[in-house]
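Novice:
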Amino acid sequence: MPFELSADAQKRINEEIIPRYPRKKSAILPILWEIQEEHGYISREGMLYTAEILELPPAHVFGVLTFYTMYEQEPIGKFHLQVCRTASCEIMGCKAISQKIRDKIGIESGQTSEDRLFTFTEVECLASCEIAPMMQVNKDNYGPLTPEIVDVMLDELRDHGEAKAAQRCL
Ligand code: FES
-5 MPFELSADAQ KRINEEIIPR YPRKKSAILP ILWEIQEEHG YISREGMLYT AEILELPPAH
55 VFGVLTFYTM YEQEPIGKFH LQVCRTASCE IMGCKAISQK IRDKIGIESG QTSEDRLFTF
115 TEVECLASCE IAPMMQVNKD NYGPLTPEIV DVMLDELRDH GEAKAAQRCL
């Protein structure tokens, strides 16, 4: 399948992102991000496109893509629930948050619900330790959470497309 990217994204890549760096290959992370913003993940074609415009071996781009957990290599659900499992969040009860998601949605970390509404991932510190235990939903951080709050949040996301039960921290 040919890789397609909007004219706006191509313009940003060619006129803003690549010229920002003294060496072309240094633009790899923001270009992958640009692709993910538009497609929701980085397909094989997206990876090859990045390699081509940066004049890099595809293996180099693949290495970067698989090193950083922020890049998705498969389509994910509408709401990406990323629960922090690092020290501060663990002490404050993140295991109960993850368990609530498992129980309510029926998926394990790394899985997407059948209706493609939720993807659940346990991740390392998201630099919001002050609101532990916390969870990121797409780009927004929520916390401190309890299983009861998460229970309501999941209903809100499913029914209304946004979560109001928990405090959102910018
Ligand atoms: S330990 Fe969870 S956000 Fe830092």
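According to my numbering, the residues represented by the sequence shown are -5 to 164, in order.
Heads up, the beta-carbon is just placed ideally off N, CA and C, and yes, glycines get one too.
#1: Taking the alpha-carbon positions, what's the A165 to I70 distance?
#2: Closer than 7 Å to a non-hydrogen atom of the ligand FES - does that hold for the CB of T63?
#3: Tell me, which residues are paired with M129 by DSSP?
#4: Can you tell me whether E30 is helix, strand or coil according to DSSP?
#5: By Cβ distance below 8 Å, which residues in the same chain neighbour E198 in space, the five residues on each side in sequence not counted?
#6: Going by C-alpha to C-alpha distance, which of D2, K89 and R17 sits closest to T80?
#7: Alpha carbon to alpha carbon, how far is C123 from P138?
#8: Along the beta strand (DSSP E) that carries E116, what are the first and last residues, could you check?
#9: By DSSP's criteria, Q105 is part of a beta bridge. Which residues make up the other side?
#10: Which stretch, first to last residue, makes up the alpha helix (DSSP H) that contains E39?
Specialist: The relevant details are as follows:
#1: Summary: the structure shown does not reach residue 165, with the chain confined to residues -5 through 164, and so no result is reported for it.
#2: Every heavy atom of the ligand FES is 7 Å or more from the Cβ of T63, so no.
#3: V77 and Y136
#4: The residue asked about is misnamed: residue 30 is Gln in this sequence, not Glu. Q30 sits in a helix when the DSSP states are folded into three classes.
#5: Here the chain covers residues -5 to 164 and nothing more, so residue 198 does not appear.
#6: T80 has its Cα closest to that of K89, out of D2, K89 and R17.
#7: So the alpha carbons of these two residues sit roughly 9 Å apart.
#8: F112 to V117
#9: Beta-bridge analysis with DSSP links Q105 to F114.
#10: R38 to L48
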